[in-house]
Every structure is written in C-alpha cells, then in structure tokens.
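For reference, the structure is listed below as structure tokens.
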Amino acid sequence: MFKDIVLTLWNNEGINEKDASTLRKKSKEVPAPLDKESRKMIKTLIDSFLARDDASGLAAPQIGISKRIVVFRTKGFGEGGKVKSPDDFEVLINPRITQARGEKVTMTEGCLSCPEIQVEISRSPEIKVRALNEKGEKISKRYLDYVARVVQHELDHLDGKLIVDYEGAIYYPKKKQEFYEKLFKG
Ligand SMILES: [Zn+2]
C-alpha cells in the first residue's frame, strides 16, 4: 500500500488547516523492537516514496503518519525519475543528529509540503546520525553535502518544522505574487 497524496501547508485557496495541524505536530518515537504495526507504517512510507519521481526524501508526517520515520535518496540526484535500486535510498527510524560539522552552506530548498516555493536555508555540510534502520537495527551514519542537507530537511519534518520557518529569502512564482505575499504576511 502507498499514499500518493502528500499533505501540504496550503492549497490554491490558502492555508490548509487540517494538513497544517498534522505537519506541525511533533512526531512520536517508533517503539523498539519494531512491532507489526510499525513495520507496516515503515513499508507504507517507503512505498509512497518509491512511487514518486519528484522527491529527494519523504518524512512520515507528510503522508499523515505522525511517527519518527524518514526515507531519502542517497544517490542519483538530478537524474530525475523514480529511485531504481534499493542501494539508492535509506530509511532512518527515531533518528538523532549527534554531530554537525563544517561551515554552514546556504542553498535553496523546496518541499512537497510547501508547494511552488523555494527557501534559502543554511545547513551543516557534515552530520552524524544515530537511528534504527528499517530492520530495527541500531545504526550510526555519517552524511555529507547534499545528502546531509536532505537528512536535516527530513528530520525537521519530525519536529513539525518546515522550510518556511527559516529566515532565508523565499522564492515563489511571479504570477502568484499576490497570493504568496498575503499568505506569508497573514
Ligand atoms: Zn519537506
């Protein structure tokens, strides 16, 4: 089973209150060892991610599951299309950043839950993360550069934090300037 609809903070009419309240919630830890229900949720998130061709990563709250699970691409960025190999993505459960190193790098980011916009965000280029993998095994991993950025972005989702919460410049389509000016002032 997969969910092809990602919750969004707004739609064409304005703020999407129902989705926003789910996206803004702090997600709950997944109980370890993994039980049947958790495994099902993990699989739903992976399937939902693999069914898309427009995501670098996906966090469980984006598909309405308020649990600390994320999935993301580790290879093949910029090639577009769906993830083709199981070696090209990773799953982290109950992830925790234990170390962040290096001078922060600023880049624009988009998010499926914040449609149409991009925000400039500064993030560490090197992080260490402790988590469980999809089998429920304890892992410790180091991520660099773009993958480190994606992981930090996905982990933000677990705390209800989204790209619009950062101070950086926001870019939106010019033809919808009025809509977004109103949205971000309101
Ligand atoms: Zn996102």
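Each residue of the sequence shown is one higher than the last, beginning at 893 in our numbering.
Glycine included, each C-beta is placed from N, C-alpha and C at the ideal position.
Cβ neighbour criterion (16 or more within 10 Å) applied to residue i
i: E995; result: exposed
i: E1029; result: exposed
i: P987; result: buried
i: I897; result: exposed
Assumed close pair residue i, residue j - CB separation to whole angstroms, cut-off 8 Å
i: L1004; j: Q954; result: 6 Å
i: L899; j: G956; result: 6 Å
i: A912; j: L1050; result: Contact doesn't hold; Cβ gap of about 16 Å is too wide.
i: E1001; j: I1055; result: 5 Å
i: Y1072; j: V1011; result: Contact flag wrong, Cβ pair sits at about 12 Å.
i: F894; j: T936; result: 6 Å
Of the listed residues the options, nearest to residue i (C-alpha basis)
i: A1040; options: S940, K918, I938, T990; result: T990
i: I1031; options: K1074, T1000, I985; result: I985
i: L1036; options: K1074, L1075, Y1072, I1019; result: I1019
i: G973; options: S948, D1051, E982; result: S948
i: M933; options: K917, R944, D946, R960; result: R960
i: K918; options: W902, D980, D1048, I897; result: D1048
i: D939; options: V963, P923, R1034, S930; result: V963
i: C1006; options: F1076, R931, L926, K1067; result: F1076
i: E1046; options: K1067, G1060, P978, F941; result: F941
i: R944; options: R965, D979, V1021, E905; result: R965
i: R916; options: V1043, A924, I907, V922; result: I907
i: A992; options: K1027, S977, K1033; result: K1033
i: N903; options: D946, I1009, V1021, D927; result: I1009
i: K920; options: E929, S958, R931; result: S958
Practice task
Run through the region 1011-1054 for me and flag every whole beta strand (DSSP E) of 3 or more residues, listed as ranges in chain order.
Solution key: Listed in chain order, they are 1018-1024, 1030-1036.
Problem - alpha helix (DSSP H) segments (min. 4 residues) lying fully within the region 978-1009 - result: Listed in chain order, nothing qualifies, since the region 978-1009 has no complete alpha helix (DSSP H) run of 4 or more residues.
Practice task
At 3 residues or longer, and completely inside the region 946-974: list those beta strand (DSSP E) runs for me, N to C.
Solution key: Complete beta strand (DSSP E) runs here, min 3: 949-951, 961-965.
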